[in-house]
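Peer 1: Sharing a structure with you now.
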Amino acid sequence: MTKTIPASTAVALALCGAALAQNSDTEQSSLGVAAAATAAKADIEFVLAGGYADFFETDFDTGGGAVSVDRGFGSVSMRGKPSEDYGWSASLNWEGSWYSFDGAGTLANAAGGRPWGTVQSVMVSAGASFKLDEQWRLRTSLFLDLSGENDADVGDSLSFGGIVAASYAFSPELSLGAGVLVASRIEDDVLIVPQLIVDWRPTKEFRVSNFAGPEAYPGGAGLEAIWMPSDGIELAVGGRYTYRRFRLDDDGAAARAGGVGTDEGLPVWLRATYRPGNGLRLDLIGGVQFAGEMELADSGGDRLAEVDVEPSPFLGVFASWRF
0 MTKTIPASTA VALALCGAAL AQNSDTEQSS LGVAAAATAA KADIEFVLAG
50 GYADFFETDF DTGGGAVSVD RGFGSVSMRG KPSEDYGWSA SLNWEGSWYS
100 FDGAGTLANA AGGRPWGTVQ SVMVSAGASF KLDEQWRLRT SLFLDLSGEN
150 DADVGDSLSF GGIVAASYAF SPELSLGAGV LVASRIEDDV LIVPQLIVDW
200 RPTKEFRVSN FAGPEAYPGG AGLEAIWMPS DGIELAVGGR YTYRRFRLDD
250 DGAAARAGGV GTDEGLPVWL RATYRPGNGL RLDLIGGVQF AGEMELADSG
300 GDRLAEVDVE PSPFLGVFAS WRF
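Residue numbers for the sequence shown follow numbering that gives the first Met the number 0, beginning at 0 and rising by one.
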C-alpha cells in the first residue's frame with residue numbers, strides 16, 4: 000500500500016536535492032597535483048545543525064484523550080564537489096520525539112495503557128549528484144534508518160531505501176525535476192513515491208523551493224514560498240506531509256509489545272530566518288499541524304487502533320553552522 004513520505008525519507012530527499020544550493024559556477028583551476036588536492040579539500044563543506052519543536056497538546060477526534068509531542072533534531076553532514084560535474088554528500092541525522100498521552104482513549108485502551116513514550120530515529124545517508132550537461136543533473140541518495148522506542152529491538156527497527164531524481168535547469172532562476180523514492184517500512188509494504196524538485200527564483204527577493212528550510216528540520220518533501228526583504232533575512236510560508244513509523248518496546252500489554260506505531264500529519268508553518276554571517280543560521284518557525292492521525296499495530300503490523308488528531312499548534316527553533 001502506497002502512503003506518503005516518512006520523515007526520515009524526507010531528510011534523504013533534502014540531501015539528494017542539496018546540490019541545488021551548491022554554487023555551480025565554482026571551477027577548480029589547473030594548479031598541479033598538490034595544489035589541486037588542496038583546492039579539492041577546501042571545497043568540502045561541513046554543516047552542524049540542531050533544533051527543537053513543541054507540538055502543543057491537542058485532543059483526539061474520537062474516543063477521548065489528548066496528546067502532545069516535543070521533538071528534538073540534530074544532524075552532522077558534509078558535502079564536497081571535487082569537480083564541476085560531480086558532487087557528493089554524507090549525513091548523520093537524529094530525531095527524538097517525546098510523546099505525552101493524557102487520559103484514556105482508543106489508543107490507550109488498545110495498548111492496555113500508554114501507547115508509546117520516547118521514540119528515537121537515527122539515519123545515515125549518502126548521496127551523489129552528476130552534471131550531465133549544461134541543463135541536466137542527476138541526483139542519487141541511499142539511506143539506512145533506525146526508528147523505535149528506546150528499548151525496542153534494533154534489528155526490528157530498521158528500514159532502508161534510496162532516491163533517484165533528475166532536474167533540468169531552464170535558466171539560472173528555474174530548475175524543475177522529478178524522481179522516485181523506494182523504501183522499506185517496518186511491518187508494511189515497500190513504499191514507492193514519485194518526487195518533485197522545485198527551485199524557482201523569479202526575482203532577487205522571492206524564491207519557491209523544496210530545499211530552503213532549516214538544516215536539521217526534514218523539509219525536503221514539502222514546499223516553501225520565501226521572501227528575502229534584505230541580506231540575511233528570510234520570511235517564508237511552507238508545508239509538508241510527514242509520516243513516522245517506529246517499532247515499540249516489549250513493555251506493557253502483550254498486544255502492543257514489540258508492536259508498531261505511526262504518527263502522520265500535515266504541518267503548515269511560517270518561518271523567519273536570520274543569517275548573521277560566518278556560516279551561522281537561526282530559524283524560528285510556528286504553525287499548525289493538520290490532518291493528524293496515529294495508529295497502533297501489533298508486532299506483525301496488524302492494526303489494533305487508529306485515531307484522528309485535532310489540529311495542533313507548534314513552535315520551533317533551529318540553528319546551524321556551515322563551515
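Note that the Cβ used here is the ideal one computed from N, Cα and C, for glycine as well.
According to DSSP, what are the bridge partners of Gln134?
Peer 2: Gln134 pairs with nothing; no bridge assigned.
Peer 1: Which full runs of the beta strand (DSSP E) of 3+ residues lie inside the segment 211 to 286, going along the chain?
Peer 2: As far as the segment 211 to 286 is concerned, its whole beta strand (DSSP E) runs of at least 3 residues are 222 to 229, 232 to 238, 241 to 246 and 259 to 276.
Peer 1: Gly231: buried (16+ other C-beta within 10 angstroms of its C-beta) or exposed?
Peer 2: The residue in question, Gly231, is exposed, as its Cβ has fewer than 16 Cβ neighbours within 10 Å.
Peer 1: Kindly give me the distance between the Cβ atoms of Ser174 and Arg246, rounded to whole angstroms, as I take these residues to be in contact under 8 Å.
Peer 2: With 8 Å as the limit, Ser174 and Arg246 do not qualify as a contact, their Cβ atoms being about 38 Å apart.
Peer 1: Taking its Cβ as the centre, do 16 or more other Cβ atoms sit within 10 Å of Ala235, making it buried, or is it exposed?
Peer 2: It counts as buried.
Peer 1: Taking its Cβ as the centre, do 16 or more other Cβ atoms sit within 10 Å of Val153, making it buried, or is it exposed?
Peer 2: By the neighbour-count rule (16 or more Cβ atoms within 10 Å), Val153 is not buried but exposed.
Peer 1: Could you say if the segment 202 to 209 and the segment 290 to 310 meet the contact criterion of at least three C-beta pairs nearer than 8 Å?
Peer 2: No contact exists between the segment 202 to 209 and the segment 290 to 310.
Peer 1: Verify whether the separation of the beta carbon atoms of Gly315 and Ala52 is less than 8 Å.
Peer 2: Yes, the pair counts as a contact, with Cβ atoms nearer than the cut-off.
Peer 1: Where do the N-terminal and C-terminal ends of the alpha helix (DSSP H) with Asn108 fall, by residue?
Peer 2: Segment Thr105 to Ala110, the alpha helix (DSSP H) holding Asn108.
Peer 1: Go through its chain and collect everything with a Cβ distance to Pro193's Cβ below 7 Å, but skip five positions before and after it.
Peer 2: Ala177 and Val179, listed in sequence order.
Peer 1: Decide if Gly111 is buried, meaning its Cβ has at least 16 other Cβ atoms within 10 Å, or exposed.
Peer 2: Counting Cβ neighbours within 10 Å, Gly111 comes out exposed, since fewer than 16 surround it.
Peer 1: Any idea if Tyr85 is buried or exposed, counting beta-carbon neighbours within 10 angstroms, 16 or more meaning buried?
Peer 2: The residue is exposed, with fewer than 16 neighbouring Cβ atoms inside 10 Å.
Peer 1: Run the CB neighbour count on Met77, radius 10 Å, all protein chains shown included, and call it buried at 16 or more, exposed below.
Peer 2: Result: exposed.
Peer 1: Going by beta-carbon coordinates alone, are Ala215 and Gly104 separated by less than 8 Å?
Peer 2: Not in contact: Ala215 and Gly104 (Cβ atoms no closer than 8 Å).
Peer 1: Here's a check: name, in chain order, each residue in its chain whose Cβ is nearer than 6 Å to the Cβ of Trp93, leaving out the five neighbours to either side.
Peer 2: Excluding sequence neighbours, Trp93 sits near Gly73 and Val121.
Peer 1: Can you give me the C-alpha to C-alpha distance between Gly257 and Glu263, rounded to a whole angstrom?
Peer 2: Whole-angstrom Cα-Cα distance: 20 Å.
Peer 1: Return helix, strand or coil for Ala33, following the three-state DSSP convention.
Peer 2: Note on Ala33: pLDDT 43, under 50, position unreliable in the model; the coordinate value appears next. In this structure, Ala33 counts as helix in the three-state DSSP scheme.
Peer 1: Report yes if the C-beta distance between Trp320 and Leu47 is below 8 Å; otherwise report no.
Peer 2: Taking 8 Å as the Cβ cut-off, Trp320 and Leu47 qualify as a contacting pair.
Peer 1: My guess is that Asp101 and Gly64 are in contact by the Cβ rule of under 8 Å, so how many angstroms apart are they, rounded?
Peer 2: Right, the Cβ-Cβ distance comes to about 7 Å (below 8 Å), so this counts as a contact.
Peer 1: Which whole-angstrom value is the C-beta distance of Gly95 and Thr117, which I expect to be below 8 Å?
Peer 2: About 7 Å; that satisfies the 8 Å criterion.
Peer 1: Here's a check: name, in chain order, each residue in its chain whose Cβ is nearer than 6 Å to the Cβ of Ala168, leaving out the five neighbours to either side.
Peer 2: Gln134 and Ser174.
Peer 1: Hey, how far is the Cα of Ala165 from the Cα of Ile191?
Peer 2: Their Cα atoms are separated by approximately 17 Å.
Peer 1: Just to confirm, are Ala252 and Asp297 a CB contact at a threshold of 8 Å?
Peer 2: Not in contact: Ala252 and Asp297 (Cβ atoms no closer than 8 Å).
Peer 1: Could you round the C-beta distance between Pro213 and Phe317 to whole angstroms and report it? I think they count as a contact, below 8 Å.
Peer 2: At roughly 4 Å, the Cβ-Cβ gap stays under 8 Å, so Pro213 and Phe317 are in contact.
Peer 1: Pick from Val68, Gly237, Val287 and Leu222: whose alpha carbon is nearest that of Arg243?
Peer 2: Ranking Val68, Gly237, Val287 and Leu222 by Cα distance to Arg243 puts Val68 first.
Peer 1: Give the C-beta separation of Asp187 and Gly276 to the nearest angstrom, bearing in mind that I take them to be a contact with Cβ-Cβ under 8 Å.
Peer 2: Between Gly276 and Asp187 the Cβ distance is about 45 Å, and since that is not below 8 Å, they are no contact.
Peer 1: Can you tell me which of Leu281, Val163, Asn149 and Glu56 puts its alpha carbon nearest to the alpha carbon of Ile196?
Peer 2: Closest option to Ile196, Cα to Cα, is Val163.
Peer 1: State yes or no: is the C-beta of Thr261 within less than 8 Å of the C-beta of Glu294?
Peer 2: Yes.
Peer 1: Based on Cα-Cα distance, which residue from Ile284, Ser158 and Arg302 lies nearest to Arg270?
Peer 2: Of the candidates Ile284, Ser158 and Arg302, the one whose C-alpha sits nearest the C-alpha of Arg270 is Ile284.
Peer 1: Rounded to whole angstroms, what's the CA-CA distance from Lys203 to Arg138? Just pull it up for me.
Peer 2: For Lys203 and Arg138, the distance between alpha carbons rounds to 26 Å.
Peer 1: For Ile196, list the residues DSSP reports as bridge partners.
Peer 2: According to DSSP, which records beta bridges pairwise, Ile196 is partnered with Gly176.
Peer 1: Taking the alpha carbon of Ser158 as the point to measure from, which residue in Ala89, Pro171 and Leu141 has its own alpha carbon closest?
Peer 2: Per the Cα distances, Leu141.
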